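The UniProt record's numbering puts the first residue of the sequence shown at 1, with every later residue one more than the last.
Backbone N, C-alpha and C define an ideal beta-carbon position, used for all residues, glycine too.
A quick note: this is a predicted structure, and the numbers were derived from the prediction, not measured.
Single-structure report; data block below.
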Amino acid sequence: MMRVLIMILAVAAGWCSAVGAVEVKYWDRLPLAVPLTVGQERILLLDEDVRVGLPAAIAGKLRVQSVGGTVYLRAAEPLPPTRLQLQSLKSGDIILIDIEALEGSETLEPVKIVAQAPVPEVEAAKQATPAATPVPVVLTRYAAQNLYAPLRTVAPQPGVRQVPLSDSVAFSSLLPTERVSIKALAAWRLGDYWVTAVKIVNRGPGKVALDPRHLHATLYAATFQHADLGLAGTPEDTTVAYLVTRGGDLKHALLLPPPKPEADDHES
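Structure (structure tokens):
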């Protein structure tokens with residue numbers, strides 16, 4: 001089971017690195033700010049088809065297309081702050097967005113707009129439907145996004161909370177067979193599971209192949225951001241490991257370091 005979880009978590013970590021950034025905005029009856037760059041198309045992603053209502057004054061200055069729950073906006077010239085309406089073709093519900101187009105070269109990410117569900121519906125859904133994704137995968141993906149993705153693109157994960165770090169000095173025994181330095185970066189918890197992100201830096205003369213079986217701890221699952229460490233002093237000499245424990249944090253999962261061989265006693 002450990003091997004299967006390692007494979008699943010490796011896919012999750014790869015997904016975090018490969019997927020493009022998407023800015024997530026939550027509609028809670030407050031207009032959403034969506035800045036535009038003149039001459040560049042910005043994409044809005046919604047869960048259903050919508051029609052777009054805009055003032056006649058900017059009709060010839062803003063190109064708008066709505067196809068299959070995706071809205072494409074492209075300003076031909078600078079536009080002052082202007083409010084648009086996105087109306088669901090199915091329910092008639094309206095989402096308000098405030099746009100403003102400015103000159104510039106900045107490329108803006110697509111925006112995912114999520115309608116906030118009433119609390120009773122959310123709670124009922126939690127009770128009726130079990131979690132589809134294993135908790136270790138959820139935690140590992142969330143940790144990787146927090147470390148590598150722009151924070152504004154990280155969607156909140158219900159139930160996940162950041163927890164204080166344990167003494168990082170003790171983590172040096174995690175890989176006793178390799179010349180590496182290990183430092184804890186952050187830790188999160190969901191239910192009875194913890195994930196701790198640790199930075200591993202190669203201090204030895206050669207490359208280091210990373211193998212979860214060499215970790216000196218009782219772990220539920222482990223994922224490395226990279227498969228190996230490059231030569232010390234190169235950009236590839238550092239990686240992050242996501243270590244999942246159950247029933248306690250990483251410090252409580254560490255095994256005692258192997259005993260050092262004692263020198264032979266010689267009688268004179």
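Report task. Below 7 Å CB to CB, which residues in the same chain sit around R161 once its five sequence neighbours on both sides are set aside? Result -> For the purposes of this step, residue 161 is identified with residue 161 of the sequence shown, where counting begins at 1. The residues are W188 and R189.
Report task. Please report how far the alpha carbon of T196 lies from the alpha carbon of Y242, in whole angstroms. Result -> Within the sequence shown, numbered from 1, the residue matching residue 196 stands at position 196. Within the sequence shown, numbered from 1, the residue matching residue 242 stands at position 242. Cα to Cα, T196 sits roughly 6 Å from Y242.
Report task. Closer than 8 Å by C-beta to D49: which residues in its own chain qualify, once you throw out the five before and the five after it? Chain order, please. Result -> Looking up residue 49 in the sequence shown gives position 49. Closer than 8 Å at Cβ, skipping near neighbours: S66, G68, G69, S88, L89 and K90.
Report task. Measure how close the beta-carbons of A217 and L185 come, nearest whole angstrom, since I'm counting them as under 8 Å. Result -> By one-based count along the sequence shown, residue 217 stands at place 217. By one-based count along the sequence shown, residue 185 stands at place 185. That pair is no contact at about 16 Å.
Query raised in the report: DSSP puts K183 in a beta bridge; with which residues?
Result: Looking up residue 183 in the sequence shown gives position 183. In the DSSP output, where bridge partners are listed per residue, K183 has K199.
Requested in this report: Kindly provide the ranges of any beta strand (DSSP E) runs that are 3 or more residues long and lie completely inside the segment 70 to 107, ordered along the chain.
Outcome: 70 to 75, 79 to 88 and 94 to 102
Query raised in the report: In angstroms, rounded to a whole number, what distance separates the CA positions of A132 and E103?
Result: Taking the sequence shown and counting its residues from 1, one reaches residue 132 at position 132. Taking the sequence shown and counting its residues from 1, one reaches residue 103 at position 103. Cα to Cα, A132 sits roughly 44 Å from E103.
Query raised in the report: Nearest-angstrom Cα distance between R237 and N202?
Result: As a first step, residue 237 must be located in the sequence shown, where it is residue number 237. As a first step, residue 202 must be located in the sequence shown, where it is residue number 202. Before going on, a small fix: residue 237 reads as Asp here, not Arg. Between D237 and N202, the C-alpha separation is close to 5 Å.
**Report entry** Through-space distance from T82 to A33, alpha-carbon basis
**Finding:** For this step, residue 33 is matched to residue 33 along the sequence shown. For this step, residue 82 is matched to residue 82 along the sequence shown. Between A33 and T82, the C-alpha separation is close to 10 Å.
Report task. With DSSP as the reference, label L254 as helix, strand or coil. Result -> Residue mapping note: residue 254 aligns to position 254 of the sequence shown, counting from 1. Residue state, collapsed to three classes: strand.
Report task. Flag this pair as yes or no: are the beta carbons of V244 and G191 separated by less than 8 Å? Result -> Here residue 244 refers to the residue found at position 244 of the sequence shown. Here residue 191 refers to the residue found at position 191 of the sequence shown. In this structure, G191 does not lie closer than 8 Å to V244 by Cβ.
**Report entry** Where the alpha helix (DSSP H) through V160 begins and ends
**Finding:** For this step, residue 160 is matched to residue 160 along the sequence shown. V160 -> no alpha helix (DSSP H), and no H or E assigned at all.
Report task. With DSSP as the reference, please indicate the residues paired to T223 in a beta bridge. Result -> Numbered from its first residue, the sequence shown carries residue 223 at position 223. Its beta-bridge partners are Y242.
**Report entry** Range of the contiguous alpha helix (DSSP H) that encloses T140
**Finding:** For the purposes of this step, residue 140 is identified with residue 140 of the sequence shown, where counting begins at 1. Element bounds for T140: V135 to Y148.
Query raised in the report: Around the C-beta of A75, are 16 or more other C-beta atoms found within 10 angstroms, so that it is buried, or is it exposed?
Result: Mapped onto the sequence shown, residue 75 falls at position 75. Buried is the call here.
Requested in this report: With DSSP as the reference, label A59 as helix, strand or coil.
Outcome: Position 59 of the sequence shown holds residue 59. Three-state result, A59: coil.
Query raised in the report: Taking C-alpha atoms, which residue in G60, R152 and V240 lies nearest to P110?
Result: Along the sequence shown, one-based indexing puts residue 110 at 110. The shortest C-alpha to C-alpha distance from P110 to any of G60, R152 and V240 is the one to R152.
Query raised in the report: In three-state terms, what does DSSP make of P156?
Result: Position 156 of the sequence shown, counting from 1, holds the residue named residue 156. Three-state result, P156: coil.
Query raised in the report: Going by DSSP, what residues sit across from P35 in a beta bridge?
Result: Within the sequence shown, the letter at position 35 stands for residue 35. Partner residues in the beta bridge of P35, as assigned by DSSP, are E100.
Query raised in the report: What did DSSP end up calling A124 once you bin it into helix, strand or coil?
Result: Along the sequence shown, one-based indexing puts residue 124 at 124. Residue placement at A124 is poorly supported in this model, since its pLDDT is 49, which falls under 50; the coordinates still yield a value, given next. Here A124 sits in helix by DSSP.
**Report entry** Proximity winner among D249, T37, P164 and A155, relative to T107 (alpha-carbon distances)
**Finding:** The count along the sequence shown starts at 1 and reaches residue 107 at position 107. The shortest Cα separation from T107 among D249, T37, P164 and A155 belongs to T37.
Report task. Assign L231 to one of two classes, buried (16 or more other C-beta atoms within 10 Å of its C-beta) or exposed (fewer than that). Result -> Numbered from 1 along the sequence shown, position 231 holds the residue referred to as residue 231. So L231 counts as exposed.
Query raised in the report: Tell me which same chain residues have a C-beta within less than 7 Å of the C-beta of A253, skipping the five on either side of it?
Result: Mapped onto the sequence shown, residue 253 falls at position 253. The answer, listed in chain order, is A217, T218, L219 and T245.
Requested in this report: Just the C-alpha distance for G159 and V137, rounded to the nearest angstrom, thanks.
Outcome: Translated into the one-based positions of the sequence shown, residue 159 becomes position 159. Translated into the one-based positions of the sequence shown, residue 137 becomes position 137. When rounded, the distance between both Cα atoms is 14 Å.
Query raised in the report: So who's on the other strand from L229, going by DSSP bridges?
Result: Within the sequence shown, the letter at position 229 stands for residue 229. By DSSP's assignment, L229 forms a beta bridge with V208.
Query raised in the report: Taking the alpha-carbon positions, what's the I97 to Q225 distance?
Result: Against the sequence shown, residue 97 aligns to sequence position 97. Against the sequence shown, residue 225 aligns to sequence position 225. Distance between the alpha carbons of I97 and Q225: 37 Å.
Query raised in the report: Hey, quick one: how far does the beta strand (DSSP E) through R213 stretch, first residue to last?
Result: Mapped onto the sequence shown, residue 213 falls at position 213. Where R213 is concerned, there is no enclosing beta strand (DSSP E), because DSSP gives it neither an H nor an E.
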